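Counting from 1 along the sequence shown, just add 1444 to a position and that's the residue number in the numbering used here.
Here's the structure, in structure tokens; my notes come after.
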Amino acid sequence: MNEKHMQYVLTVLKEGSFTNAARKLFVSQPSLSQIIKSAEANLGAPIFNRNTDPITLTPAGQLYVDAAKQITTISTNLTKQIEELSKEEFGKLRLGISVQRGMDILPYVYPRFKASFPHVELELHEQGSATMERSVLEGTVGIALLTTAPKYEELIYELIQKENLVLIANRNCRIAKEIPPGTPIDIREAQNETFVCSRHGHSARTLLDSLFITREMKPRIGLETISIEVGKKVVETSEVVMACPDAYIDNSNPETSPYCSYPLLGVENPRHFYACYRKDLYLTKYMRGFLEILHSMKDSGTPV
């Protein structure tokens, strides 16, 4: 299997069309089509169904792609193993992480990682959880830090911290005036409140929507945001409530806090915070070191 052919086939599959793939690869569409035809000639069978939108794989194409991914993984692992044999602490860690988690974690992890591995580059891929899992499967990200429920057999989900969903309410909201902070509640206690919500696709929104469905609630949503930090700031200044993981808030409910927090009852299939990587990925010394630093955060009392 030709390495260039593999790269082009995988790009066409990822982008969904020859037009998009040609743009991504900075080649003309006729050139790309010719390369794919060469790959199919070498294989002895068509790789793509060209009459579907987006483009799909033939049975032979699926076998080709599966083999290409295995070859890519073997090549990547070989490179990492040779790096360690040479006893040189050089390399690159491609890390998938959300912007919100990056704000919380990187100020702690980055200086410790660079002190231990000064010649290793840390390359951030700032994405949402669902996108990160696909990136790990495709090999574009080595380790992803995400809140999820494990669902891919090809991946290892290394638990970093368990999370619970809580409701935070501005102190001027009815619920904050009537129910003592820290009291576990059913989401129906907030059915007359205005919600600030994470956008669809965020793990907190997925859990919240499932609660709305099971409780047959039609909530009043005043604002949607991709940032939990933005939502918290709005809750601090407005008579609204928001559901978010407890890792992002101060659960001690000090009297000086502008909001109260309440653990939510009835959450099914909770999602926790994991470091995620492929089962067949060779973990270098600096990758293992990164994971050890990450685990040390909880031992030190630093919020994860």
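Every residue, glycine too, gets a C-beta built ideally from N, C-alpha and C.
Keep in mind that this is a model prediction, so the values were computed, not measured.
What does the alpha-carbon distance come out to for the pair residue i and residue j?
i: Glu1577; j: Gly1488; result: 33 Å
i: Gly1535; j: Tyr1726; result: 13 Å
i: Val1553; j: Phe1734; result: 8 Å
i: Ala1634; j: Thr1455; result: 47 Å
i: Ile1657; j: Asn1608; result: 19 Å
i: Phe1470; j: Tyr1452; result: 11 Å
i: Phe1639; j: Gly1675; result: 10 Å
i: Pro1663; j: Cys1641; result: 10 Å
i: Cys1688; j: Ser1542; result: 15 Å
i: Val1685; j: Leu1581; result: 36 Å
i: Ile1623; j: Pro1714; result: 24 Å
i: Val1711; j: Arg1632; result: 13 Å
i: Ser1654; j: Pro1474; result: 47 Å
i: Leu1651; j: Arg1659; result: 12 Å
i: Arg1467; j: Leu1457; result: 14 Å
i: Met1741; j: Gly1460; result: 40 Å
i: Ile1526; j: Gly1583; result: 19 Å
i: Ala1465; j: Asn1521; result: 26 Å
i: Val1564; j: Arg1732; result: 13 Å
i: Leu1539; j: Ser1579; result: 10 Å
i: Pro1498; j: Ser1696; result: 50 Å
i: Glu1736; j: Tyr1730; result: 10 Å
i: Asn1446; j: Pro1555; result: 41 Å
i: Asn1636; j: Thr1502; result: 52 Å
i: Lys1677; j: Pro1551; result: 21 Å
i: Ile1587; j: Leu1537; result: 8 Å
i: Cys1704; j: Met1661; result: 22 Å
i: Val1509; j: Asp1630; result: 47 Å
i: Pro1477; j: Thr1575; result: The residue you asked about is not Pro; residue 1477 is Ser in the sequence shown. Rounded to the nearest angstrom, the two C-alpha atoms are 28 Å apart.
i: Thr1500; j: Ile1479; result: 17 Å
i: Gly1666; j: Leu1708; result: 20 Å
i: Glu1683; j: Gln1544; result: 23 Å
i: Leu1786; j: Asp1724; result: The requested residue 1786 does not occur in the structure, where the chain is confined to residues 1445 to 1748.
i: Ser1472; j: Lys1595; result: 38 Å
i: Val1679; j: Glu1484; result: 57 Å
Which residue wins for smallest C-alpha separation from residue i, given the options the options?
i: Leu1738; options: Glu1668, Asn1695, Gly1546, Ile1619; result: Gly1546
i: Leu1566; options: Val1585, Leu1581, Ser1579; result: Val1585
i: Thr1592; options: Asp1724, Ala1466, Ser1461, Phe1717; result: Phe1717
i: Cys1523; options: Arg1732, Thr1728, Ser1740; result: Strictly speaking, residue 1523 in this sequence is Thr, with Cys absent from that position. The residue with the shortest Cα to Cα distance from Thr1523 is Thr1728.
i: Asp1694; options: Ile1665, Gly1626, Asp1630; result: Gly1626
i: Thr1463; options: Arg1494, Met1445, Pro1490; result: Arg1494
i: Lys1606; options: Val1543, Tyr1692, Arg1722; result: Tyr1692
i: Thr1681; options: Pro1689, Ile1479, Ile1612; result: Ile1612
i: Lys1448; options: Ser1482, Met1686, Gly1460; result: Ser1482
i: Ile1549; options: Ala1719, His1563, Lys1723, Glu1637; result: Ala1719
i: Gln1506; options: Ile1491, Thr1520, Ile1665, Pro1498; result: Ile1491
i: Tyr1706; options: Glu1637, Ala1620, Tyr1730, Glu1683; result: Ala1620
i: Glu1597; options: Arg1643, Tyr1721, Asp1690, Thr1575; result: Tyr1721
i: Ala1504; options: Asp1497, Asn1486, Thr1496; result: Asn1486
i: Ala1512; options: Met1450, Leu1537, Leu1476, Ile1480; result: Met1450
i: Asp1690; options: Lys1595, Pro1628, Arg1643, Ser1472; result: Pro1628
Starting from residue i, follow the beta strand (DSSP E) in both directions and report where the run begins and ends.
i: Pro1551; result: From DSSP, Pro1551 is part of no beta strand (DSSP E) but of the alpha helix (DSSP H) over 1543-1560.
i: Ala1489; result: Taken as a continuous stretch (DSSP letters only), Ala1489 belongs to no beta strand (DSSP E), as it is neither H nor E.
i: Thr1638; result: 1638-1642
i: Arg1664; result: 1664-1669
i: Arg1722; result: 1716-1722
i: Met1686; result: 1685-1689
i: Tyr1703; result: 1703-1707
Terminal residues of the continuous alpha helix (DSSP H) containing residue i?
i: Leu1650; result: Checking the sequence shown, residue 1650 turns out to be Thr, not Leu. Thr1650 -> alpha helix (DSSP H) spans 1647-1658.
i: Glu1673; result: 1672-1681
i: Glu1565; result: It is not in any alpha helix (DSSP H) - Glu1565 instead sits in the beta strand (DSSP E) that spans 1564-1570.
i: Arg1618; result: 1618-1622
Under a CB-based cut-off of 8 Å, is residue i close to chain C?
i: Glu1683; result: The structure shown contains no chain C; it holds only a single protein chain.
When every heavy atom of the ligand PLP is checked, does at least one fall within less than 7 Å of the C-beta of residue i?
i: Ala1634; result: As presented, the structure is devoid of all ligands, the ligand PLP included, so that no description of it is given.
Exercise. For the segment 1577-1611, which segments carrying the beta strand (DSSP E) assignment without a break, of at least 3 residues, lie completely within its bounds, in sequence order?
Worked result: 1587-1592, 1599-1605
Problem set entry | Runs of alpha helix (DSSP H) wholly within the segment 1446-1484 (minimum 4 residues, chain order) | 1447-1459, 1462-1469
For this session: Examine the Cβ distances between the segment 1614-1634 and the segment 1563-1570 and report whether three or more of them are shorter than 8 Å.
Result: no
For this session: Answer yes if the segment 1666-1675 comes into contact with the segment 1694-1703, meaning at least three C-beta pairs across the two stretches below 8 Å, and no otherwise.
Result: no
Exercise. Three or more beta-carbon pairs under 8 Å between the segment 1516-1528 and the segment 1555-1565, yes or no?
Worked result: no
Problem set entry | the segment 1594-1601 / the segment 1646-1653 touching (three or more Cβ pairs under 8 Å) | no
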